[in-house]
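These protein sequence lines are chains P and F, in that order. Each residue of the first sequence is one higher than the last, beginning at 1 in my numbering. Each residue of the second sequence is one higher than the last, beginning at 1001 in my numbering. We treat Cβ as the ideally placed atom computed from N, Cα and C, and that holds for glycine. Since the model is a prediction, treat every value here as computed from it, not as a measurement. Notes follow the structure.
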Amino acid sequence: MSSIHKNPGNSARKNMYNRMFHFSFKSLLGIAMMLVLFSGNIKAADGAKLFKAKCAVCHYSHTDQKLTGPGLKGVFDRVPPGDWINRWILNNEKMIKSGDAYANKIYTENGKAAMNVFEAELKAEDVDAIIGFLKGPAPVVVVPGKPAGGTGTEGEEVKPGIEPLYLVLGIIVLLAIMITTFRSVRTSLQNSANRTEGKPESPDLTFFEEAKLWMSGHRRFVGVMCIIIGFIGMKSCWDACYDIGVYYDWETNKGYHPEQPIKFSHKIHAGDNEIACQYCHNTVEKSRHAGIPSVNVCMNCHKGIQEGATTGKDEIAKIHYAAGFDPADPNKWNPNDASKQHPLAWLKVHNLPDHVYFNHSQHVVVGKIDCAKCHGDVKAMTTVEQKAPLTMRWCVDCHRTTEVAMEGNAYYDRLHKALKEKYKGQYDVKFTVDKIGGLECQKCHY
Amino acid sequence: MKLNYNTIKAVSIIGLVLLIICGFMLNGKKDPNSPGVEFMPDMYRSPSVEVYGVTKFNGDDIYSTQFMPVKGTIARGYIPYAYPNTPEGYEQAGLYLKNPIASSAEVLAEAQLLYTKNCVHCHGATGAGDGKVGQKLPGAPPAYNSGTIKNLPEGKIFHSITYGKGLMGNHASILTTEERWKLVLFVQTLQGPKETAVADSTAKTTPAVAEVKKEEPKH
Chain P
1 MSSIHKNPGN SARKNMYNRM FHFSFKSLLG IAMMLVLFSG NIKAADGAKL FKAKCAVCHY
61 SHTDQKLTGP GLKGVFDRVP PGDWINRWIL NNEKMIKSGD AYANKIYTEN GKAAMNVFEA
121 ELKAEDVDAI IGFLKGPAPV VVVPGKPAGG TGTEGEEVKP GIEPLYLVLG IIVLLAIMIT
181 TFRSVRTSLQ NSANRTEGKP ESPDLTFFEE AKLWMSGHRR FVGVMCIIIG FIGMKSCWDA
241 CYDIGVYYDW ETNKGYHPEQ PIKFSHKIHA GDNEIACQYC HNTVEKSRHA GIPSVNVCMN
301 CHKGIQEGAT TGKDEIAKIH YAAGFDPADP NKWNPNDASK QHPLAWLKVH NLPDHVYFNH
361 SQHVVVGKID CAKCHGDVKA MTTVEQKAPL TMRWCVDCHR TTEVAMEGNA YYDRLHKALK
421 EKYKGQYDVK FTVDKIGGLE CQKCHY
Chain F
1001 MKLNYNTIKA VSIIGLVLLI ICGFMLNGKK DPNSPGVEFM PDMYRSPSVE VYGVTKFNGD
1061 DIYSTQFMPV KGTIARGYIP YAYPNTPEGY EQAGLYLKNP IASSAEVLAE AQLLYTKNCV
1121 HCHGATGAGD GKVGQKLPGA PPAYNSGTIK NLPEGKIFHS ITYGKGLMGN HASILTTEER
1181 WKLVLFVQTL QGPKETAVAD STAKTTPAVA EVKKEEPKH
């Protein structure tokens, strides 16, 4: 009986347990699924981040495009199934040495450029996360700074208002018209007045005859004015001589700014990206010439950056053409192979006549002169423009006013001592460049 | 039309005005790609071959940048680099190449200046790979104090600056050997203290590479 009694109790309890078990199983399943889902999300996000940090330097994720390594689109169809890819990512070196056929095949296919060994940096689950990211959809790439609608080309600058030259000319014409009208009005009024008073009419003189008459009455004033105007004219002729050979565009108020073979923008490179002037013009501290960078210096960045925000791919493709670089097969590029290269004919903006010696390193290293002092704010220029006239007067003016940075400058130690001795007791002496021979002819002309 | 004094005067005045207007218009239509009138051009441009210039030679345009030095030419002070640009060369450089320059506060200050001029735009001021250009690259350069790079030996750093690695290009063309070694010293300060445990794992590969060791460059 007891067992009979027990049984229903037992079964009820069992039922209860069962129900509880079912309930808890379901809920556990739910929680587990949620966990899996969430962890999946976390993994995918981590995968993207990890890929960007560890892999993107050499691989594009969802395209065929090669970088240093091959593009990873469809990589899972190519590689052997199973955990081959995981082992490859963690230690490709070991796999190549172990004689794995596919490992050796891709190693030779990609020019034996060794991939990094990630055993020390990545855990097994990190590799899974990266694989999860690669299997997922391609991330949306946002190109920074790209205008939404426009073609990205910069329009011609349109200046508001009237040109000052035309304004002055207009005023002169207006004044001439007013003077002639007032003159004729005055003569006719005077004539009519004379007629009513019975006086004889004033003779009908031309403008020049009248001017002659007036000048003969004011000889001293006219003489002085002639001398003054003559001097002003001579002075402006003298000043104009200083500007011979200096290009200045009065239309745009700009110095010489020719169009270069590549629309290279100093504003993007030196301004926005903060690349130091000396990185590209790297001989500025070692040589007379600041130097135009050889194309391999451009390629240091443009091997990776193949599309710009303002000009797209066209302008950067010109560098690739000049360097003999094929973006489709970057590993085959040999910077020393001149047969595929094409020289770039950059136009020289700052040109000193050949009979002048100028040394960049002397001014930049010893003189500690900032680039912008002579070249203007190049960091803000889209097209480089000549700011300084580069005339001899300009050189000499600067040499007369610039004090030599002698304090703490080892180059001048001996000279500084000697000068201090020479100018003993004179406290207001400034050691400008002309004091140390900066105006001697043969320093620049020889 | 009878040619009298007044007509001649009128015609000459109109002509003069037209000439002035033409002058202004020509001035306005100046070619922006021309550097303007050169007074005595033979003093601006000498017949000698200029740096970056174009010279006519046998009817062809020859760019002076195309001229290569005579084969076997060695620049003054140039030290040939013995390790080839191969994975083996990289390993050898890591093992046998040692910095000839001793670290000092003065050298490090100089090296930091070099770093700000040549490296900062990609690698960032602290070597975290957060430079302005680094962010525009497909992948930012790895931080100096992360992963395997943290323990990279000085020879490998020098090798990478010399030949470039991955996306990084060859910097031997713009930095002298001495400058590159100074940069190695500064990069080492950004790497932080080394972990000895991982250094052992690289030591395991020693015997295999030692067989193909090349003559070390003399510094």
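Where the beta strand (DSSP E) through residue i begins and ends
i	result
residue 1054 (chain F)	1054 to 1057
Residues sharing a beta bridge with residue i, DSSP
i	result
residue 1061 (chain F)	F:1056
residue 432 (chain P)	P:403
residue 308 (chain P)	P:312
Candidates the options, of which the one nearest residue i by Cα
i	options	result
residue 56 (chain P)	F:1079, F:1061, F:1048 and F:1166	F:1166
residue 1133 (chain F)	P:185, P:352 and P:306	P:306
residue 400 (chain P)	P:190, P:417 and P:435	P:435
residue 129 (chain P)	P:52, P:164 and P:200	P:52
residue 285 (chain P)	P:364, P:408, P:91 and P:433	P:364
residue 80 (chain P)	P:66, P:104 and P:60	P:104
residue 397 (chain P)	P:425, P:173 and P:433	P:433
residue 85 (chain P)	P:65, P:413 and P:127	P:127
residue 368 (chain P)	P:355, P:195, P:327 and P:412	P:412
residue 362 (chain P)	P:239, P:290, P:391 and P:217	P:290
residue 1171 (chain F)	F:1119, F:1138, F:1104 and F:1047	F:1119
residue 356 (chain P)	P:299, P:288 and P:410	P:288
residue 444 (chain P)	P:419, P:230, P:267 and P:358	P:358
residue 1183 (chain F)	F:1102, F:1074, F:1052 and F:1005	F:1102
residue 1127 (chain F)	F:1041, F:1068, F:1048 and F:1191	F:1191
residue 205 (chain P)	P:213, P:198 and P:280	P:213
residue 88 (chain P)	P:131, P:420 and P:62	P:131
residue 243 (chain P)	P:429, P:392 and P:416	P:392
residue 1173 (chain F)	P:299, P:319, P:374 and P:418	P:299
residue 385 (chain P)	P:414, P:402 and P:351	P:351
residue 274 (chain P)	F:1168, F:1121 and F:1059	F:1121
residue 184 (chain P)	P:210, P:50, P:169 and P:199	P:210
residue 330 (chain P)	P:395, P:69, P:207 and P:422	P:69
residue 327 (chain P)	P:73, P:336, P:187 and P:304	P:304
residue 371 (chain P)	P:437, P:196 and P:281	P:281
residue 394 (chain P)	P:219, P:406 and P:374	P:374
residue 1097 (chain F)	F:1044, F:1082, F:1108 and F:1105	F:1082
Where the alpha helix (DSSP H) through residue i begins and ends
i	result
residue 106 (chain P)	101 to 109
residue 1189 (chain F)	1177 to 1191
residue 418 (chain P)	413 to 422
residue 377 (chain P)	Here residue 377 (chain P) belongs to no alpha helix (DSSP H), and DSSP marks it neither H nor E.
residue 1163 (chain F)	1154 to 1163
residue 1120 (chain F)	1120 to 1123
residue 95 (chain P)	92 to 97
residue 1135 (chain F)	1132 to 1136
residue 77 (chain P)	75 to 78
residue 134 (chain P)	124 to 135
residue 444 (chain P)	441 to 444
residue 297 (chain P)	295 to 302
residue 279 (chain P)	277 to 280
residue 1044 (chain F)	1041 to 1044
Item to check | Inside the segment 163 to 242 of chain P only - beta strand (DSSP E) runs reaching at least 3 residues | outcome: none
Item to check | At least three beta-carbon pairs within less than 8 Å, the segment 252 to 259 of chain P to the segment 344 to 354 of chain P | outcome: yes
Checklist entry - Fully enclosed by the segment 1055 to 1117 of chain F, which beta strand (DSSP E) runs are 3 residues long or longer? => result 1060 to 1063
Next on the checklist: Tell me whether the segment 333 to 345 of chain P and the segment 295 to 305 of chain P touch, counting them as touching only if at least three CB pairs, one residue from each stretch, are closer than 8 Å.
Outcome noted: yes
Checklist entry - Between the segment 1037 to 1057 of chain F and the segment 1138 to 1156 of chain F, do three or more beta carbon pairs fall short of 8 Å? => result no
Next on the checklist: Assess contact between the segment 89 to 97 of chain P and the segment 63 to 79 of chain P, defined as three or more Cβ pairs (one per stretch) separated by less than 8 Å. Is contact present?
Outcome noted: no
Next on the checklist: Counting beta carbon pairs with one atom in the segment 1153 to 1161 of chain F and one in the segment 1080 to 1094 of chain F, are three or more of them shorter than 8 Å?
Outcome noted: yes
Item to check | Any 3 or more C-beta pairs closer than 8 Å across the segment 262 to 275 of chain P and the segment 306 to 319 of chain P | outcome: yes
Next on the checklist: Taking contact to mean 3 or more Cβ pairs, one atom from each stretch, closer than 8 Å, check whether the segment 266 to 276 of chain P and the segment 367 to 381 of chain P are in contact.
Outcome noted: yes
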